[in-house]
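To start, the structure itself, in structure tokens.
2 protein chains.
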Amino acid sequence: MPVRPALSPLIAALPSTVPFVGPEAQQRERGRAFRARIGANESSFGPSPRVIARMESVARDQWMYCDPDNYDLKVAAAAHHHVAVENIVVGEGIDGLLSLVARMYVAPGDAVVTSLGAYPTFNFHIAGVGGRLVTVPYENDRESLDGLLAAVVREKAPLVYLSNPDNPMGSWWEADEVIRFIEALPETTMLVLDEAYGELGPASALPPIDISRPNVIRMRTFSKAYGLAGIRCGYAVAETQVISDFEKIRNHYGVSRMAQIAGVEALADQAYLETVVAQVAAGRRRIADIAEQNGLKPLASATNFVTIDCGHDGAFALKVLQGLLSRDVFIRKPMAPRLDHCIRVSVGLAHELDIFAEELPGALAAARGN
Amino acid sequence: MPVRPALSPLIAALPSTVPFVGPEAQQRERGRAFRARIGANESSFGPSPRVIARMESVARDQWMYCDPDNYDLKVAAAAHHHVAVENIVVGEGIDGLLSLVARMYVAPGDAVVTSLGAYPTFNFHIAGVGGRLVTVPYENDRESLDGLLAAVVREKAPLVYLSNPDNPMGSWWEADEVIRFIEALPETTMLVLDEAYGELGPASALPPIDISRPNVIRMRTFSKAYGLAGIRCGYAVAETQVISDFEKIRNHYGVSRMAQIAGVEALADQAYLETVVAQVAAGRRRIADIAEQNGLKPLASATNFVTIDCGHDGAFALKVLQGLLSRDVFIRKPMAPRLDHCIRVSVGLAHELDIFAEELPGALAAARGN
Numbered sequence: 001m002p003v004r005p006a007l008s009p010l011i012a013a014l015p016s017t018v019p020f021v022g023p024e025a026q027q028r029e030r031g032r033a034f035r036a037r038i039g040a041n042e043s044s045f046g047p048s049p050r051v052i053a054r055m056e057s058v059a060r061d062q063w064m065y066c067d068p069d070n071y072d073l074k075v076a077a078a079a080h081h082h083v084a085v086e087n088i089v090v091g092e093g094i095d096g097l098l099s100l101v102a103r104m105y106v107a108p109g110d111a112v113v114t115s116l117g118a119y120p121t122f123n124f125h126i127a128g129v130g131g132r133l134v135t136v137p138y139e140n141d142r143e144s145l146d147g148l149l150a151a152v153v154r155e156k157a158p159l160v161y162l163s164n165p166d167n168p169m170g171s172w173w174e175a176d177e178v179i180r181f182i183e184a185l186p187e188t189t190m191l192v193l194d195e196a197y198g199e200l201g202p203a204s205a206l207p208p209i210d211i212s213r214p215n216v217i218r219m220r221t222f223s224k225a226y227g228l229a230g231i232r233c234g235y236a237v238a239e240t241q242v243i244s245d246f247e248k249i250r251n252h253y254g255v256s257r258m259a260q261i262a263g264v265e266a267l268a269d270q271a272y273l274e275t276v277v278a279q280v281a282a283g284r285r286r287i288a289d290i291a292e293q294n295g296l297k298p299l300a301s302a303t304n305f306v307t308i309d310c311g312h313d314g315a316f317a318l319k320v321l322q323g324l325l326s327r328d329v330f331i332r333k334p335m336a337p338r339l340d341h342c343i344r345v346s347v348g349l350a351h352e353l354d355i356f357a358e359e360l361p362g363a364l365a366a367a368r369g370n
Numbered sequence: 001m002p003v004r005p006a007l008s009p010l011i012a013a014l015p016s017t018v019p020f021v022g023p024e025a026q027q028r029e030r031g032r033a034f035r036a037r038i039g040a041n042e043s044s045f046g047p048s049p050r051v052i053a054r055m056e057s058v059a060r061d062q063w064m065y066c067d068p069d070n071y072d073l074k075v076a077a078a079a080h081h082h083v084a085v086e087n088i089v090v091g092e093g094i095d096g097l098l099s100l101v102a103r104m105y106v107a108p109g110d111a112v113v114t115s116l117g118a119y120p121t122f123n124f125h126i127a128g129v130g131g132r133l134v135t136v137p138y139e140n141d142r143e144s145l146d147g148l149l150a151a152v153v154r155e156k157a158p159l160v161y162l163s164n165p166d167n168p169m170g171s172w173w174e175a176d177e178v179i180r181f182i183e184a185l186p187e188t189t190m191l192v193l194d195e196a197y198g199e200l201g202p203a204s205a206l207p208p209i210d211i212s213r214p215n216v217i218r219m220r221t222f223s224k225a226y227g228l229a230g231i232r233c234g235y236a237v238a239e240t241q242v243i244s245d246f247e248k249i250r251n252h253y254g255v256s257r258m259a260q261i262a263g264v265e266a267l268a269d270q271a272y273l274e275t276v277v278a279q280v281a282a283g284r285r286r287i288a289d290i291a292e293q294n295g296l297k298p299l300a301s302a303t304n305f306v307t308i309d310c311g312h313d314g315a316f317a318l319k320v321l322q323g324l325l326s327r328d329v330f331i332r333k334p335m336a337p338r339l340d341h342c343i344r345v346s347v348g349l350a351h352e353l354d355i356f357a358e359e360l361p362g363a364l365a366a367a368r369g370n
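Written as structure tokens, this is what we have:
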């Protein structure tokens, strides 16, 4: 073997992995496009027409670097949440912010608590800093607040992850339950409260933002309700010192100029957001109807997807997934125990849900071996 | 002091800094816009019209996530450099890739060698992983290949940084000198060869790409000659195992969908690139003329900027810089010893260089106390 530069011991121990295989990769492998792209919880309704027009108009300005301070977007987000600019940090999607949080709060060997089957990219970034993942099973299709808390205390974890509303189950806790969880956490434990789907569920699931508390980081994104998954932009809201600490390591030129401009415009068009939220709610009902018409059980959802209990084990649900993929319907499914009997279907456009309705019976029949 | 989550010891020891203050921040502070934006080595000529048209046409598609594999862009870059797709990794600008390289090859306490006054963002990312920076002074306005090599050997450094052509001096080494440097490096030392300006200088400065060598990572960007600084996209070319190791920690969804599409289109329009390279060369001559007309000494440049020796000490050059800023001309200057007697002026549009020509005499007179 030739002599070569050694990876740092921490990195050498890691596998080379991709947390998610994108639909593009699947299409390349299949050699043909999906007819319905309803697997990645994107918003098929797209961004606001105002956002599209603004992006088109600034395409020619992209020779300029982005503002490394993300200033205009921070101002807009701060106004939106009634906090100060100093309470906002912008990153390359929530994924980018999770990578920073992992580095900030986790030293090699530290325990980090999350739910078994929750966001894989969080786990990927924890592994990347040598953190030790401690997972807590879901209970009744929800992340277990009591279970997470017990694990945090038992493991003296410096960091815990909670998504609310939840992915991949679509479930949620009401704000008072989340607040109870936050207040019970050790003050030395940082909570990442991932609210990527926050705009899509009941407002009652979102605790008021309290930027005096130094152990909660709320994360929001333009990828879901705002219909801008491709721009890679999210932000976190937290106490000023926490936000300032991101300056120690963040990639200051990580968020594109286009993304910053699009984000400002997206926040400004709340009327459009409301129409999307209504369309998503209607789409959830449609997916639930399709599931029930096929004898399956849709779970209640506060997100832009519906998770469907296929009524048998994980192997069966996997066959249903594969049947849909082979019928050119891109969906995903949870893979963890207790969740893996489900498939997950994103709200798409009406014609995409028509295709799902057409193809589900065949996929189910094939899974049953009929 | 309230109890709060502790930062990891590595991060707690770091300052909260911004490697570069952007022109937007300066404009906010000044309360007015610059008349000439010729300080950040952006390409005022902008991207290819084909790229602009393509970006405009896909604005409405940004509801879809980016391809986490950056596949199409990797294919295009691989074809451009006559290497395999497995020899390319795409990141959020060279900055994003530097952050990953720091994490990959540097453990806390490891020595990392660079030139004194070279790219600050590299230093920022090395500090972020607890690396120990060892700096080598420039010699005759060039990075010292002998000095860098001696420091690498002396310090047993796992990582060394070289930019060629160089920023902030605009100088360069011919390919045969770079190859000699590479061949003299210990095989256990990884070289980051930052070729951000590679398209703008003489082709003779670029060694042939050798993807069999496991200790060189070549970095390229769309920010300079391609006129796309705002999209945040760069790529690295290296041996397949090195590229594969990036998968251990990179933010797979870090590069926007728009950036991937723009990058493919930019690579496809090499005819436009040639026109930019010619315009940049003309602009360099213009800046050099202006400098000489004012009794200053322009340095030879293989980049899209000209570094100008102001003929006195660093304090004097700083006054010249401040005089230009106060006259609404955004430029920058090196701050390190041996380099700080210079200012750095990016090639801008003709009207911007006119403004520079108009304002330089006044700035010089003010610096001289006239």
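Those sequence lines, one after another, are chains A and B.
Using full-length UniProt numbering, the first residue of the first sequence is number 1, and each one after it goes up by one.
Using full-length UniProt numbering, the first residue of the second sequence is number 1, and each one after it goes up by one.
Built from N, CA and C at the ideal position, the CB exists for glycine as well.
It should be emphasised that the depicted structure is a prediction, and the values quoted were computed from it without experimental measurement.
- Membership of Met55 of chain B in the alpha helix (DSSP H) is indicated by the continuous run 49–58.
- Per the coordinates, the alpha-carbon of Arg103 of chain A lies some 8 Å from the alpha-carbon of Ile11 of chain B.
- Segment contact: the region 261–269 of chain B against the region 39–52 of chain B, three or more CB-CB distances shorter than 8 Å; contact assigned.
- In this structure, the beta-carbon distance from His351 of chain B to Cys310 of chain B does not fall below 8 Å.
- Within the DSSP bridge table, the entry for Gly348 of chain B names no partner.
- Approximately 7 Å separates the beta-carbon atoms of Gly91 of chain A and Leu100 of chain A; this is inside 8 Å, confirming the contact.
- Ranked by Cα distance from Ala225 of chain A, the first of A:Ala281, A:Leu364, A:Val192, A:Lys74 is A:Ala281.
- Short of 7 Å from the beta carbon of Gly314 of chain A, and not among the five residues preceding or following it, lie these beta carbons of its own chain, in chain order: Asp340, His341.
- Excluding five sequence positions before and after Thr303 of chain B, the CB atoms of its chain that fall closer than 6 Å to its own CB belong to Pro165, Gly170, Tyr197, Leu200, given in chain order.
- The C-beta of Val242 of chain A has 16 or more other C-beta atoms within 10 Å across all chains shown, which makes the residue buried.
- For Thr240 of chain A, the uninterrupted alpha helix (DSSP H) run begins and ends at 240–246, by DSSP.
- With a threshold of 8 Å between beta carbons, Met335 of chain B makes no contact with chain A.
- The Cβ atoms of Leu206 of chain A and Leu149 of chain A do not sit closer than 8 Å to each other.
- Leu321 of chain A and Leu97 of chain A have their C-alpha atoms spaced approximately 31 Å apart.
- Residue state for Glu199 of chain A is assigned as coil, using DSSP reduced to three classes.
- Not flagged as an interface residue toward chain B: Val237 of chain A, since no C-beta distance is shorter than 8 Å.
- The continuous beta strand (DSSP E) containing Ile217 of chain A extends over residues 216–221.
- Residue-level contact check: Ser163 of chain B does not touch chain A, since none of the beta carbons of chain A fall below 8 Å from its beta carbon.
- Closest by C-alpha distance to Glu174 of chain B, out of B:Arg154, B:Gly369, B:Ser204, is B:Ser204.
- Here Glu359 of chain B carries a helix assignment [DSSP, helix/strand/coil].
- The beta carbon of Met64 of chain A sits closer than 8 Å to some beta carbon of chain B.
- In the DSSP assignment, Ser163 of chain B falls within the unbroken beta strand (DSSP E) covering 159–163.
- Using a Cβ-Cβ cut-off of 9 Å, Val18 of chain B is close to Pro68, Asp69, Glu247, His252 of chain A, given in chain order.
- Judged by beta-carbon spacing, Gln260 of chain B lies within the 8 Å limit of Asn70 of chain B, meaning their Cβ atoms are closer than that value.
- The count of Cβ pairs closer than 8 Å, one atom from the region 36–49 of chain B and one from the region 325–335 of chain B, reaches three, so the stretches are in contact.
- Using a Cβ-Cβ cut-off of 8 Å, Leu73 of chain B does not count as an interface residue toward chain A, since no Cβ of chain A sits closer than that to its own.
- One finds nothing in chain B with a Cβ atom closer than 7 Å to the Cβ of Ile126 of chain A; even the nearest lies about 11 Å away.
- Per DSSP, reduced to three states, the secondary structure at Val75 of chain B is helical.
- Nearest Cα to Val3 of chain A within the set B:Ser212, B:Val58, B:Lys74, B:Arg60: B:Ser212.
- When only Cα atoms are considered, Ile249 of chain B and Gly348 of chain B end up about 37 Å apart.
- For the options B:Asp141, B:Asp146, B:Ala107, B:Arg142, the alpha carbon positioned closest to that of Leu133 of chain B is the one of B:Ala107.
- Between the C-alpha atoms of Ala336 of chain A and Met190 of chain A there is a straight-line separation of about 25 Å.
- For Ala367 of chain B against Gly295 of chain B, the beta-carbon gap comes to about 12 Å, at or over 8 Å, which does not count as contact.
- Collapsing the DSSP output to three states places Lys297 of chain A in a strand.
- Contact annotation for Leu324 of chain A against chain B: no contact, minimum CB-CB distance about 19 Å [criterion: below 8 Å].
- Contact of Asn140 of chain A with chain B is not assigned, every C-beta pair being separated by 8 Å or more.
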